Amino acid sequence: MAAKKIHAIYTDDDLLLQAVNQTRAAKYHISEIFTPFPVHGLDHALGLAPTRLAITSFLYGLCGLTVAVLMMNYMMIQDWPQNIGGKPSFTFYQNMPTFIPIMFELTVFFAGHLMVITFYMRSKLWPFRKAENPDPRTTDAHFLMEVDVDNHDVETLSKFLYDTGASEISLIENEQDH
Amino acid sequence: MSSHYEAPIREPLVLGEKSYQDISADVAAPVLGKANKSWWIVFTIALIAFLWGLGCIIYTVSTGIGVWGLNKTVGWAWDITNFVWWVGIGHAGTLISAVLLLFRQKWRMAVNRSAEAMTIFAVVQAGLFPIIHMGRPWLAYWVLPIPNQFGSLWVNFNSPLLWDVFAISTYLSISLVFWWTGLLPDFAMIRDKTKSPFQKKIYGILSFGWSGRVKDWQRFEEVSLVLAGLATPLVLSVHTIVSFDFATSVVPGWHSTIYPPYFVAGAIFSGFAMVQTLLIIMRKVSNLENYITIVHIEYMNKVILLTGGIVTVAYATEYFVMWYSGVPYEDYTYLSYGAATGPYWWAFWALIICNFVVPMTLWVKKLRRNIIWTFIVALVINIGMWFERFNIIVVNITKDRLTSSWTMFQPTFVDIGTFVGTIGFFFVLFLLYARTFPVIAQAEVKTILKSSGEKFKNLRAKHGNDVSHVRALDGGPVVEKPVASQNVVSDKAKVDSLLSTIGTFNPDVEEQDDLKLINGVGPVMEQKLHQIGIFTFDQVSRMTDREYDLLDEIVSEFPGRAKRDDWAGQALILKNNK
């Protein structure tokens, strides 16, 4: 892949957003952006596809509901039906009203935890993982835009990025990427 | 940019001339600095209380529940009172972070982190009580539906007590991941800011390698939103289920259909009171008055006023229904004429005064914005809500259906010690948290800085809503367009020659200085210096006549300025004073 990259650092989110729009309009390829906080509208400006995590959460929730229903049906109706305070225990349907709280809790439990685990896996976040932001200031107040050099002229590209308001520009060569 | 517009009538949520750097620095300061004497004093007291409570727990477990003040009529007393009290306190955190996120309330961002921490620590205390009350806590796993040697005899899914097990463990674990996910970018900020290798390592592990990629942020925001959507009904379900512990029984005073909404409102009421208690102290100790402002305190007071009002209406309803039912047993329940004049009259009136009379003073705006009064009211509500649970549990069951079994409840030193111990444990956890965690969600606060920061509100008031917010961050004059120098790149050879003698800046090991402190360097000049690659006083201090001339050739706007003002000499002094 593109071995040469240019790291352009911006000190303001509005400036970054404007620079992203200009860079994309000039047909340069932005490979990554590191920001200290979620910049509103940046994913849209970059043309990122919306995340599907909410959908996975819904599916995980359905799994949780299924687990709850199967578990309580097996334990309370099939395996060992008991007369508890006269509550009907012959069919799942009759006993179900008292099962609703746990059906709800397990739905939430599965939907929440599995979604977060999916998020951590997809974004490669776990203990002992090394951070990959190229400049430590990008978690504080600086915004770093990584642009592929490809077959563009480095001088022209740097000048273009200066004109978009970048306060620092550096050329990264032959980075062993992942 | 007009997208940062917020109605000027809204008071700023971030006070002072704050930039993004300032927010990181202010939030990281308590973590990177050293603990002061008062922290150690309070921590020691909390630790002693915790150890005393631990001793009482060990005594209870090794001797038996008989060491508590329970008797044949009152089989539940302080333990369940404390359990419900702590669970209730644990409701504000998720309410602030989840419900207020769904409502897009910006003020939540300064307080959500600490409120969630408080939630988790409070639920930990709550969870202790049912486990101790089991008598044999090493068999606590029997509440889980796992196959066993009894045949298998399953747990009873018809029982609200089991619903509680599921509700509270779901609540605790979901709150924990919600909290931790929000913490990742802030841990990363501390990881990249600290100079100590040990802290770098620890916060590197805690931050899970957070890098702040744009896709990560997109997922982060989605996950926060969905978790908020899940946690909102969850937080309502937890205290609803706690109220079912009582409401599904046949004890007069307990079997009341208004318990679920009334318990939830009461939980939020007490939770916000505890948040106020903790944050009023923390904003002072950790110098966060610019982030947790009087506006935040007033907003929380309004929530207290609303939920306190709901609780009061519930009290009135209970009192009326007990009287209207005409059932003699109901005349001794916790909200009745019998309770108000009976042997527990003091507990009844403590409830009315602490939860109804005193909080109603918050209708007065002056009192609502008075920090000392807010603190007193918050403490009073904490006490009042403890009495509410005490009354519901103890007063209701001391007067049984059989007059022959009527009795009183007398706590022993073990009851009291265990309760004090959980307060100690809670504060031990919270104090450790305040020293080691970023106590404000700084990444989120940065997103509202331009819309709700005092500086930007003043900027818009002065220059109109369409003013550029870009340059204002550097503290310089507002210019319409970012200044981008045309001639910098073309002079690459000169730049290299300049940097070859004064040295280049390595952001990994060095920190950039505020070059504007040099007399003669303004924001525009600073940006030009940055573009050349000059960031530190150290670099400037190495400049001689040759570098001054090169600089004048590269940046033609200010000829001779650097030499005239002796930037190198100034920078040397600034460098040494750093």
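The listed protein sequences derive, respectively, from chains A and B.
Its first residue numbered 2, the first sequence is counted upward by one per residue in the numbering used here.
Its first residue numbered 21, the second sequence is counted upward by one per residue in the numbering used here.
Using N, Cα and C, we set each Cβ at its ideal position, and we do this for glycine too.
Note that this is a predicted model, so its numbers are computed, not measured.
Answer yes or no: do residue i and residue j have a C-beta to C-beta separation smaller than 9 Å?
{"i": "residue 142 of chain A", "j": "residue 44 of chain B", "result": "yes"}
{"i": "residue 39 of chain A", "j": "residue 463 of chain B", "result": "yes"}
{"i": "residue 403 of chain B", "j": "residue 360 of chain B", "result": "no"}
{"i": "residue 140 of chain B", "j": "residue 204 of chain B", "result": "no"}
{"i": "residue 288 of chain B", "j": "residue 102 of chain A", "result": "no"}
{"i": "residue 313 of chain B", "j": "residue 32 of chain B", "result": "yes"}
{"i": "residue 263 of chain B", "j": "residue 292 of chain B", "result": "no"}
{"i": "residue 266 of chain B", "j": "residue 275 of chain B", "result": "yes"}
{"i": "residue 30 of chain A", "j": "residue 164 of chain A", "result": "no"}
{"i": "residue 93 of chain B", "j": "residue 418 of chain B", "result": "yes"}
{"i": "residue 202 of chain B", "j": "residue 133 of chain B", "result": "yes"}
{"i": "residue 449 of chain B", "j": "residue 143 of chain B", "result": "no"}
{"i": "residue 469 of chain B", "j": "residue 411 of chain B", "result": "no"}
{"i": "residue 1 of chain A", "j": "residue 190 of chain B", "result": "Outside the displayed range of chain A (2 to 179) lies residue 1 of chain A, so it cannot be described from this structure."}
{"i": "residue 117 of chain B", "j": "residue 97 of chain B", "result": "no"}
Below 8 Å on the Cβ atoms is my contact criterion, and I expect residue i with residue j to pass it. Report the Cβ-Cβ distance as a whole number of Å.
{"i": "residue 88 of chain A", "j": "residue 178 of chain B", "result": "5 Å"}
{"i": "residue 151 of chain B", "j": "residue 311 of chain B", "result": "Actually they do not touch by this definition, with Cβ atoms about 37 Å apart."}
{"i": "residue 454 of chain B", "j": "residue 306 of chain B", "result": "7 Å"}
{"i": "residue 171 of chain A", "j": "residue 8 of chain A", "result": "5 Å"}
{"i": "residue 214 of chain B", "j": "residue 52 of chain B", "result": "6 Å"}
{"i": "residue 557 of chain B", "j": "residue 591 of chain B", "result": "4 Å"}
{"i": "residue 537 of chain B", "j": "residue 594 of chain B", "result": "6 Å"}
{"i": "residue 147 of chain A", "j": "residue 32 of chain A", "result": "5 Å"}
{"i": "residue 295 of chain B", "j": "residue 131 of chain B", "result": "7 Å"}
{"i": "residue 398 of chain B", "j": "residue 210 of chain B", "result": "That belief does not hold up - the Cβ atoms of residue 398 of chain B and residue 210 of chain B are roughly 29 Å apart, past 8 Å."}
{"i": "residue 353 of chain B", "j": "residue 273 of chain B", "result": "3 Å"}
If you follow the alpha helix (DSSP H) that residue i is in, where does it begin and where does it stop?
{"i": "residue 220 of chain B", "result": "217-226"}
{"i": "residue 239 of chain B", "result": "234-267"}
{"i": "residue 563 of chain B", "result": "Segment: none, residue 563 of chain B is in no alpha helix (DSSP H) and carries neither H nor E."}
{"i": "residue 185 of chain B", "result": "180-213"}
{"i": "residue 156 of chain A", "result": "155-164"}
{"i": "residue 596 of chain B", "result": "587-597"}
{"i": "residue 395 of chain B", "result": "391-410"}
{"i": "residue 136 of chain B", "result": "128-153"}
{"i": "residue 215 of chain A", "result": "Given a span of 2 to 179 for chain A in the structure shown, any question on residue 215 of chain A remains unanswerable."}
{"i": "residue 75 of chain A", "result": "Counting along the chain, residue 75 of chain A falls outside any alpha helix (DSSP H), and DSSP gives it neither H nor E."}
{"i": "residue 161 of chain B", "result": "Neither: residue 161 of chain B is in no alpha helix (DSSP H) and is coded neither H nor E."}
{"i": "residue 109 of chain B", "result": "98-109"}
{"i": "residue 531 of chain B", "result": "Unbroken run through residue 531 of chain B: none, as it is neither H nor E."}
{"i": "residue 7 of chain B", "result": "The first residue shown for chain B is 21 and the last is 598, placing residue 7 of chain B beyond what the model contains."}
{"i": "residue 472 of chain B", "result": "462-472"}
{"i": "residue 27 of chain A", "result": "Per DSSP, residue 27 of chain A belongs to no alpha helix (DSSP H) and is neither H nor E."}
{"i": "residue 280 of chain B", "result": "279-305"}
{"i": "residue 584 of chain B", "result": "581-584"}
{"i": "residue 454 of chain B", "result": "433-456"}
{"i": "residue 87 of chain B", "result": "Careful: residue 87 of chain B lies outside any alpha helix (DSSP H) and carries neither H nor E."}
State the start and end residues of the unbroken beta strand (DSSP E) segment that holds residue i.
{"i": "residue 149 of chain A", "result": "144-149"}
{"i": "residue 11 of chain A", "result": "6-11"}
{"i": "residue 32 of chain A", "result": "31-35"}
{"i": "residue 171 of chain A", "result": "169-173"}
May I ask you to check if the CB of residue i is nearer than 8 Å to at least one heavy atom of the ligand ATP?
{"i": "residue 143 of chain B", "result": "As presented, the structure is devoid of all ligands, the ligand ATP included, so that no description of it is given."}
Worksheet item: Should the region 238-248 of chain B be regarded as contacting the region 100-108 of chain B, the criterion being three or more beta carbon pairs within less than 8 Å?
Response: no
Worksheet item: What alpha helix (DSSP H) runs, 4 residues minimum, are completely inside the region 23-81 of chain B?
Response: 40-52
Discussion item. Pairs of beta-carbons, one from the region 65-78 of chain A and one from the region 117-125 of chain A, closer than 8 Å: are there three or more?
Written reply: no
Discussion item. By the 7 Å beta-carbon criterion, what residues does the region 248-272 of chain B contribute toward chain C?
Written reply: As a matter of chain content, chain C is missing from the structure shown, whose protein chains are A and B.
Discussion item. Across the region 69-78 of chain B and the region 329-341 of chain B, are there enough close Cβ pairs to call them in contact, namely three or more that are closer than 8 Å?
Written reply: no
Item to complete: Could you say if the region 74-93 of chain A and the region 45-58 of chain A meet the contact criterion of at least three C-beta pairs nearer than 8 Å?
Response: Under the 8 Å Cβ criterion, the region 74-93 of chain A does not count as touching the region 45-58 of chain A, having fewer than three qualifying pairs.
Worksheet item: In the region 314-380 of chain B, which residue ranges form an unbroken alpha helix (DSSP H) of at least 4 residues, counting only runs that do not cross its ends?
Response: 314-345, 357-361 and 365-372
Worksheet entry | the region 223-239 of chain B touching the region 250-257 of chain B, judged by at least three CB pairs closer than 8 Å | no
Practice prompt. Would you be able to state if there are at least three C-beta pairs under 8 Å between the region 315-322 of chain B and the region 380-397 of chain B?
Written response: yes
Item to complete: Take every Cβ of the region 18-37 of chain A, pair it with every Cβ of the region 51-61 of chain A, and state whether three or more of those distances are shorter than 8 Å.
Response: no
Worksheet item: Taking the runs of the alpha helix (DSSP H) that are 4 residues or longer, which of them lie wholly in the region 79-114 of chain A?
Response: 93-96
Discussion item. Could you check whether the region 515-535 of chain B touches the region 559-578 of chain B, counting it as contact only if at least three pairs of C-beta atoms, one from each stretch, sit closer than 8 Å?
Written reply: yes
Practice prompt. Report yes or no: do the region 13-21 of chain A and the region 214-223 of chain B share at least 3 C-beta pairs separated by less than 8 Å?
Written response: no
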